[in-house]
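Okay, structure first, notes after.
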Amino acid sequence: MDKTSLIGVILGIFAVGVGMVLKGVSVVALANPAAILIILIGTAAAVIIAFPTDEIKRLPKLFGVIFKEQTLVNTVELIRMFSDWAQLARKEGLLALEAKTNEIEDSFLRSGLSLAVDGQSADYIRDVLSEEIEAMEERHQAGASIFTQAGTYAPTLGVLGAVVGLIAALGNMADIDALGHAISAAFVATLLGIFTGYVLWHPFANKLKRKSKQEAKIKYMMIEGILSILEGEAPRVIEQKLASFLPAGERKIFLEESSVKADE
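Numbering-wise, UniProt numbering puts 121 at position 121 of the sequence shown, and it's gapless, one number per residue.
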């Protein structure tokens with residue numbers, strides 16, 4: 001479970017709910033079937049119109065990505081693994097890594113290393129693996145754009161809901177008490193539209209984009225590691241090159257540890 005997604009949703013609902021109470025507004029006012037229908041069903045309808053069927057079918061999976069903890073290869077362990085492979089390749093030759101391909105769980109890394117062992121050129125390996133990453137990023141972008149569009153439609157539909165509510169309210173000007181209640185209910189749609197758009201849909205889209213970038217970063221790191229081994233670079237050089245993918249703090253610690261091990 002991705003705790004940040006769950007905590008964010010709960011915190012957003014809590015903030016709006018408590019804020020309404022502190023402002024003297026009853027939370028019961030949100031129980032407005034017409035507003036819920038216009039915002040939620042209306043947003044769903046707009047998204048369905050805007051995207052092809054094959055992308056809409058991926059929505060359950062996208063929600064899974066948002067609320068499921070992303071499992072990525074540990075970057076430090078990956079660098080050390082490439083360093084060990086480089087040492088093995090320099091001692092016994094590139095074909096010695098063929099046995100390692102069966103031990104690799106990550107399909108992208110396994111495919112790239114297999115291409116290197118099979119004797120493919122560095123340019124060919126980079127092109128094939130880069131195209132795979134670009135295709136992945138395009139799929140991820142398509143998924144994120146669904147939520148981005150939903151975040152754009154929802155607030156506008158909130159305005160539409162408010163207009164519909166005001167039309168109904170102004171249709172009965174004789175009863176002042178009923179008019180006030182009707183106008184209040186009309187703006188519930190606006191509240192729901194803004195809330196879902198800017199607390200749910202847009203943040204969901206950003207979460208998908210960030211997870212995609214993190215996954216792509218690891219894959220580009222794998223490409224550099226594979227090509228460095230193919231070019232016969234020294235393990236220490238590979239460690240320094242791949243350490244550039246680490247955050248500054250982690251990079252400093254890793255390089256210091258590598259220096260200590262090299263001196264031993």
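We treat Cβ as the ideally placed atom computed from N, Cα and C, and that holds for glycine.
Beta-carbon proximity of residue i to residue j, cut-off 7 Å
i	j	result
F171	A186	The identity of residue 171 in the sequence shown is Gly, whereas the question assumes Phe. No, the pair does not count as a contact, with Cβ atoms beyond the cut-off.
L62	G143	yes
T43	A154	yes
F195	V21	no
G161	I36	no
L242	M221	yes
I125	A216	no
L88	A96	yes
I56	I48	yes
D2	K91	no
L179	A169	yes
L246	T75	yes
Unbroken alpha helix (DSSP H) run spanning residue i, endpoints
i	result
T71	Premise fails: T71 is in no alpha helix (DSSP H) and is neither H nor E.
A135	122-170
V47	42-50
L230	202-230
T4	3-22
A35	33-36
T196	T196 -> no alpha helix (DSSP H), and no H or E assigned at all.
P235	235-242
I56	53-56
P60	59-67
V25	Careful: V25 lies outside any alpha helix (DSSP H) and carries neither H nor E.
L109	107-117
E98	98-101
Cβ shell of residue i (< 7 Å), same chain only, five flanking positions each side left out
i	result
L30	V188
I104	R110, L113
G8	P203
D84	none
Length of the line joining the Cα atoms of residue i and residue j
i	j	result
S244	F14	41 Å
V250	K23	In the sequence as presented, Val is not what sits at residue 250; that position holds Glu. Looking at the two C-alpha atoms, the distance is approximately 46 Å.
I238	S228	6 Å
A197	T152	Residue identity differs from the one stated: residue 197 is Gly in this sequence, not Ala. Cα to Cα, the separation comes out at about 7 Å.
V28	T101	60 Å
residue 267	G93	Outside the shown range of the chain (1 to 264) lies residue 267, about which nothing can therefore be said.
G12	L6	10 Å
V199	K219	31 Å
A135	V128	11 Å
K207	D118	38 Å
A45	A150	10 Å
V163	E138	38 Å
D123	E131	12 Å
A34	H181	14 Å
L230	Q141	32 Å
I183	G19	20 Å
W201	Q214	20 Å
Q120	E77	26 Å
R80	A248	17 Å
L40	T156	12 Å
V25	N32	14 Å
Q240	T53	46 Å
Neighbour flag for residue i against chain C, beta carbons, 7 Å
i	result
T156	Going by chain labels, chain C is absent from the structure shown, which holds only one protein chain.
Distance between beta carbons of residue j and residue i, contact taken as under 8 Å
i	j	result
G225	F82	4 Å
G193	G232	Not confirmed; about 59 Å, so no contact.
A50	P235	About 50 Å separates the two Cβ atoms, so there is no contact after all.
Chain-order list of residues whose beta-carbon lies under 6 Å from that of residue i (same chain, five-residue window excluded)
i	result
A205	A144, F147, T148
K211	Q70
L115	I125
L59	none
S258	E239
Own chain residues within Cβ distance below 8 Å of residue i, not counting five before or after
i	result
D106	V73, M222
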